[in-house]
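Engineer: Dropping a structure here in structure tokens format, bear with me for questions.
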Amino acid sequence: MTGNIERVTEYEKGSPILFIKRGNKKELDLFMGEQSLVFNVKGKGLVVASACAHAGIVNTVKHAQKITGIDKVHAVIGGFHLIGAPMPKIQKTIADIKAINPDYVVPGHCAGWEAITGFEREMPKQFVLNMAGTRYVITA
682 MTGNIERVTE
692 YEKGSPILFI
702 KRGNKKELDL
712 FMGEQSLVFN
722 VKGKGLVVAS
732 ACAHAGIVNT
742 VKHAQKITGI
752 DKVHAVIGGF
762 HLIGAPMPKI
772 QKTIADIKAI
782 NPDYVVPGHC
792 AGWEAITGFE
802 REMPKQFVLN
812 MAGTRYVITA
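Just so we're aligned: 770 in the working numbering is position 89 of the sequence shown, and the numbers increase by one with no gaps anywhere.
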């Protein structure tokens, strides 16, 4: 588990429409306690599995690399929290994930159509279309 994910990108700052109630006040929910699952596949690299990546999928992957000391990423799987995001944010996210160069990129439930098709277009050899009920077997 990642623990609290550092926010290092300038464009992954959370959602402007998600709030939390503290006492009688509402404030932006930055999901500071959100974590992702990370494991190393011997000889292949990290698998980063995010729930919804409210901290940003690039922040999540970079944090996983930092805490494990492993740069090679085998797969990025899960929610990327890009549905409804502005196109510049989607484009920066795709460019940064492409630069990380995972063997597989598997955007999930909250990536949104624009991001999913963008990953497919920009990373066709790494892209896997995620569907409900799909089972992934990751071996060393």
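Backbone N, C-alpha and C define an ideal beta-carbon position, used for all residues, glycine too.
Going by alpha carbons, who is nearest to Met768 out of Asn705, Phe720, Thr798 and Gly726?
Structural biologist: With distances taken between Cα atoms, Met768 lies closest to Thr798.
Engineer: Distance check for Gln746 and Val818, CA to CA, integer angstroms please.
Structural biologist: Taking the straight line from one Cα to the other gives about 22 Å.
Engineer: Leaving out five residues on either side along the sequence, give the residues of the same chain with a beta carbon under 7 Å from the beta carbon of Glu708.
Structural biologist: So the list reads Phe700 and Ile701, once near-sequence residues are dropped.
Engineer: Pick out whichever of Thr820, Ala780 and Gly793 has its Cα sitting closest to the Cα of Gln807.
Structural biologist: Closest by alpha carbon: Ala780.
Engineer: Among residues of its own chain, excluding the 5 on either side of Asp752, which ones have a beta-carbon nearer than 6 Å to its beta-carbon?
Structural biologist: So the list reads Gln746, once near-sequence residues are dropped.
Engineer: Rounding to the nearest angstrom, what Cα-Cα distance links Ile775 and Lys706 in this structure?
Structural biologist: About 35 Å.
Engineer: Here's a check: name, in chain order, each residue in its chain whose Cβ is nearer than 7 Å to the Cβ of Asn740, leaving out the five neighbours to either side.
Structural biologist: Excluding sequence neighbours, Asn740 sits near Ile686, Glu687, Arg688, Val689, Thr690 and Glu693.
Engineer: In chain order, what residues of the same chain have a beta carbon less than 7 Å from the beta carbon of Leu718, not counting five sequence neighbours either side?
Structural biologist: Counting only Cβ-Cβ distances below 7 Å, and skipping sequence neighbours, we find Met682 and Ala730.
Engineer: To which residues of the same chain is Phe800 closer than 7 Å at the C-beta, ignoring the five residues directly before and after it?
Structural biologist: Same-chain partners within the cutoff: Ile775, Val786, Pro788 and Phe808.
Engineer: Using alpha carbons as the reference points, say which of Phe720, Ala792, Asn782 and His790 lies closest to Pro805.
Structural biologist: When each option's Cα is compared against that of Pro805, the closest is Asn782.
Engineer: What residue range is occupied by the uninterrupted alpha helix (DSSP H) comprising Gly799?
Structural biologist: Element bounds for Gly799: Trp794 to Glu803.
Engineer: If you run the structure through DSSP and keep just helix, strand and coil, what is Ala766?
Structural biologist: Coil at Ala766, not helix or strand.
Engineer: Taking 8 Å as the threshold (C-beta atoms), are Cys733 and Gly714 in contact?
Structural biologist: It is not a contact, given that the beta carbons lie outside the stated cut-off.
Engineer: Sort out for me which residues DSSP pairs Ala730 with in a bridge.
Structural biologist: BP columns for Ala730 point to Leu718 and Ile758.
Engineer: Using only the alpha-carbon positions, how far apart do Gly726 and Ala756 sit?
Structural biologist: The alpha-carbon atoms of Gly726 and Ala756 are separated by roughly 8 Å.
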